[in-house]
Structure formats: structure tokens, C-alpha cells
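Enquirer: The opening position of the sequence shown corresponds to residue 1 in full-length UniProt numbering, with each subsequent residue numbered one higher. Cβ coordinates follow ideal geometry from the N, Cα and C atoms, glycine included.
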Amino acid sequence: MCRPSHFDVTYSINPWMHPEKPCDGGLAVAQWEQLYELYKSLGHTVEVIDPIPGLPDMVFAANGATVVDGKVLGARFRHAERTAEGPAYLNWFEKQGFQETLWPEYINEGEGDYLVVGRRILAGTGFRTDPRSHAEAQEFFGLPVTSLTLVNPNHYHLDTALAVLSDTEIMYYPEAFSEGSRAVLRAMFPDAVLARHEDAAVFGLNAFSDGYNVLLPQAATGLIARLKNRGFNAIGVELSELLKAGGSVKCCTLELR
Ligand code: ARG
Numbered sequence: 001m002c003r004p005s006h007f008d009v010t011y012s013i014n015p016w017m018h019p020e021k022p023c024d025g026g027l028a029v030a031q032w033e034q035l036y037e038l039y040k041s042l043g044h045t046v047e048v049i050d051p052i053p054g055l056p057d058m059v060f061a062a063n064g065a066t067v068v069d070g071k072v073l074g075a076r077f078r079h080a081e082r083t084a085e086g087p088a089y090l091n092w093f094e095k096q097g098f099q100e101t102l103w104p105e106y107i108n109e110g111e112g113d114y115l116v117v118g119r120r121i122l123a124g125t126g127f128r129t130d131p132r133s134h135a136e137a138q139e140f141f142g143l144p145v146t147s148l149t150l151v152n153p154n155h156y157h158l159d160t161a162l163a164v165l166s167d168t169e170i171m172y173y174p175e176a177f178s179e180g181s182r183a184v185l186r187a188m189f190p191d192a193v194l195a196r197h198e199d200a201a202v203f204g205l206n207a208f209s210d211g212y213n214v215l216l217p218q219a220a221t222g223l224i225a226r227l228k229n230r231g232f233n234a235i236g237v238e239l240s241e242l243l244k245a246g247g248s249v250k251c252c253t254l255e256l257r
């Protein structure tokens, strides 16, 4: 995770970002601290990377890399405002002693568009990650990668439209995907939890699950109820300030596998 010490909305690279609207930096840090403490109270180990001045979106650690089996695929950002984050995150991994790292040839925004389900990877494209990156990721990790096309700009990253609940279960918002990708998801995950518009619109799919505890925006009340029915411990989290940049729980969280 990355503390949002320099967080602000100073540019707009997705429809959620309105630099002219006020944003409370102190509240952003306080809300982030709650998420950080919640992970620790649930027994997770949380590493932090130092935030860098001038990189307000660096709080969205999910975008910093993709890590599977200790292998680190670096991130290469679509927008100039975020490009410096890629080397900053990869450098952190190298300093921590991760030995298999790859500086990518193609644009990919880390776990924003790469989600690991068991021993396979779901990969988003359409807004940020270059589809050619999907083959690069498959070759690097040696795991099957399934390409999914996003079509709704409010759900510009895969992790804003789909969340992994366990090694075999996901939840997603069908309307965020192309016709073909919806059919692929139906075939692969016939028992998936399908999110309704109200929950998707409050970023309810931007969730982190450890297989039992599912942390998600507290406004996603429909999803919270349905996850509880399925036996998950759904926990609502308030991250109103980070939402003004188009991010929430999952965006703040990069999993170190
Ligand atoms: N403002 C950031 C951007 O548009 C938000 C990134 C959210 N991160 C995520 N994993 N979806 O790039």
C-alpha cells in the first residue's frame, strides 16, 4: 500500500476525476489509515512504499505491478501523469529482493487490469492496458491469460468492474464488458455474483477478498448483503476522498503473491 500523503485530484484521466471540485487530503489519509488498520486487524501483513511528491495517484498501489509466484511484472502507464510510478514501484520490488522482475514492453496498469483467479489470470483492455500486454503476461508468468474488453469509461480498469472472491469465484458488472467478453465470463464463471448498476456505480466491484473477508465500498449495500448470503464476511469501507480520483479499496491494494 502507499499512504496518500501527496494525494490530490490535479488532473483528469478518468470520468470520476474533477480537479475543480474540492478534495480533503487529511480525510483521504485518515480513511486510508482505516483500511490499512483493517487489513492488519484481519491478520494480513501490509508492506508500504514511500509516496513520492508530484505523483498524487501513487496511492493506487494496485496499478504498480502484478506479482504472482514471486515474479513481478512491472507497470507501464497509459498517461504521462502516472508514468513515473512504474519505475518507482519496480524499484521497490528490486530493493525488497524480488529477483524475477520484468520491465514490460507494452502498456499495462498492473492489478488494475490483471486479476488472478486461482491459477489463471483475467486481463482487462479497452481503456488502459494494451492487449499485446496480455501475451507478454502469459509468457512471463506461464499462466493462462483471458482477455476481457471493457466498454464503459466509468469502469476503465478491470478492477472497477470485476472482483475475485476466491480461487474459483468472482463478482462482476456485466454492462461494463463487451458482448463477447460477457459470454466468456458466463462460460468461465456460471455461478458468479452479478452486480447491479447501483452497486457498480458506487465502485462496489473495487473489492479485496482473502477468500473469506471481502472489503468493499460501504455504499455497495446490495453486494454486501449478497456476499453475506454466500457466506463471505463482507466489510464496508468508506474511502470517499479517493473515490474522487476514481479509486477505492482494491485500487489501494497490491497483492504480493
Ligand atoms: N486516478 C487513477 C487513474 O485514473 C485511479 C486509479 C485507480 N486504480 C485502480 N486500480 N483502478 O489512473
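According to DSSP, simplified to helix, strand and coil, what is Thr235?
Expert: Residue numbering aside, residue 235 sits at position 235 when the sequence shown is read from its first letter. Reading the sequence as shown, one finds Ile at residue 235 and not Thr. Correct three-state label for Ile235: strand.
Enquirer: Could you check what DSSP says for Tyr173 in three-state terms: helix, strand or coil?
Expert: One-based indexing of the sequence shown puts residue 173 at position 173. In the structure shown, Tyr173 sits in coil (DSSP, three-state: anything other than H, G, I, E or B).
Enquirer: Quick check on this structure: which residue in Thr66, Ser41, Arg78 and Glu85 has the alpha carbon closest to the alpha carbon of Gly54?
Expert: As a first step, residue 54 is located in the sequence shown; it is residue number 54 there, counting from the start. That would be Glu85, whose Cα lies nearest to the Cα of Gly54.
Enquirer: Using only the alpha-carbon positions, how far apart do Arg182 and Asn108 sit?
Expert: Walking along the sequence shown from the start, residue 182 turns up at place 182. Walking along the sequence shown from the start, residue 108 turns up at place 108. The straight-line gap from Cα to Cα measures roughly 22 Å.
Enquirer: With a threshold of 8 Å, establish whether the CB of Lys250 neighbours any heavy atom of the ligand ARG.
Expert: In the sequence shown, the residue the question calls residue 250 occupies position 250. Lys250: yes, Cβ under 8 Å from the ligand ARG.
Enquirer: Taking 8 Å as the cut-off, does the stretch 180-199 touch the stretch 234-242 (at least 3 CB pairs, one atom from each stretch)?
Expert: With a cut-off of 8 Å, the stretch 180-199 and the stretch 234-242 do not count as touching, because too few Cβ pairs lie within range.
Enquirer: I'd like the list of long-range same chain contacts for Arg226, defined as Cβ closer than 7 Å, with 5 residues on each side in sequence excluded.
Expert: Working through the sequence shown from its first residue, we reach residue 226 at position 226. Within the same chain, Arg226 has close Cβ partners Val193.
Enquirer: In whole angstroms, what separates the C-alpha of Leu42 from that of Gln34?
Expert: If you number the sequence shown from 1, residue 42 lands on position 42. If you number the sequence shown from 1, residue 34 lands on position 34. One C-alpha to the other measures close to 12 Å.
Enquirer: Sorry if obvious, but does the Cβ on Leu130 come closer than 8 Å to a heavy atom of the ligand ARG?
Expert: Reading the sequence shown from its first residue, position 130 is the one you call residue 130. Going by the sequence as given, residue 130 is Asp instead of Leu. Every heavy atom of the ligand ARG is 8 Å or more from the Cβ of Asp130, so no.
Enquirer: Hey, is Ala220 close to the ligand ARG, as in C-beta under 8 Å from one of its heavy atoms?
Expert: For the purposes of this step, residue 220 is taken as residue 220 along the sequence shown, with counting starting at 1. Because no heavy atom of the ligand ARG lies under 8 Å away, the Cβ of Ala220 does not count as near it: no.
Enquirer: Compute the minimum distance between the beta carbon of Glu109 and the heavy atoms of the ligand ARG, and state whether it is under 8 Å.
Expert: Indexing the sequence shown from 1 puts residue 109 at position 109. Yes.
Enquirer: Does the beta-carbon distance from Gln99 to Ile121 come in below 9 Å?
Expert: Position 99 of the sequence shown holds residue 99. Position 121 of the sequence shown holds residue 121. Cβ distance not < 9 Å, so Gln99 and Ile121 don't count as in contact.
Enquirer: Is any non-hydrogen atom of the ligand ARG found closer than 8 Å to the C-beta of Met188, if you look at the structure I gave you?
Expert: Here residue 188 refers to the residue found at position 188 of the sequence shown. Flag unset: Cβ of Met188 not near the ligand ARG.
Enquirer: Mind listing, in chain order, the continuous beta strand (DSSP E) runs of no fewer than 3 residues lying wholly within the stretch 27-69?
Expert: Entirely contained in the stretch 27-69, the beta strand (DSSP E) runs reaching 3 residues are, in chain order, 65-68.
Enquirer: With distances taken Cα to Cα, identify the nearest neighbour of Val46 among Ala61, Gly124, Asp57 and Arg82.
Expert: In the sequence shown, residue 46 corresponds to position 46, counting from 1. Among Ala61, Gly124, Asp57 and Arg82, the Cα nearest to that of Val46 belongs to Ala61.
Enquirer: From the DSSP output, which residues share a beta bridge with Ile121?
Expert: Position 121 of the sequence shown, counted from the start, is the residue given in the question as residue 121. According to DSSP, which records beta bridges pairwise, Ile121 is partnered with Val116 and Val145.
Enquirer: According to DSSP, simplified to helix, strand and coil, what is Asn213?
Expert: Counting from 1 along the sequence shown, the entry for residue 213 is found at position 213. Residue state, collapsed to three classes: strand.
Enquirer: Less than 9 Å between the beta carbons of Ala195 and Gly222, yes or no?
Expert: Here residue 195 is taken as the residue at index 195 of the sequence shown, counted from 1. Here residue 222 is taken as the residue at index 222 of the sequence shown, counted from 1. A contact, by the Cβ cut-off of 9 Å.
Enquirer: Specify, as a first and last residue, the run of the beta strand (DSSP E) that Ala163 falls within.
Expert: For the purposes of this step, residue 163 is taken as the residue at position 163 of the sequence shown. Per DSSP, Ala163 belongs to the beta strand (DSSP E) from Leu162 to Val164.
Enquirer: Under the criterion of a Cβ to heavy atom distance below 8 Å, does Ile49 qualify as lining the ligand ARG?
Expert: As a first step, residue 49 must be located in the sequence shown, where it is residue number 49. No; taking the cut-off as 8 Å, the Cβ of Ile49 has no heavy atom of the ligand ARG nearer than that.
Enquirer: Within 10 Å of its beta-carbon, does Thr129 have 16 or more other beta-carbons around it, so buried, or fewer, so exposed?
Expert: Walking along the sequence shown from the start, residue 129 turns up at place 129. Label assigned to Thr129: buried.
Enquirer: Out of Thr160, Ala187, Thr168 and Asp210, which one is the CA nearest neighbour of Glu175?
Expert: Within the sequence shown, the letter at position 175 stands for residue 175. The shortest C-alpha separation from Glu175 is found at Thr160.
Enquirer: In the DSSP assignment, the alpha helix (DSSP H) including Val184 goes from what residue to what residue?
Expert: Taking the first residue of the sequence shown as position 1, residue 184 is located at position 184. That run of the alpha helix (DSSP H) goes Glu179 to Met188.
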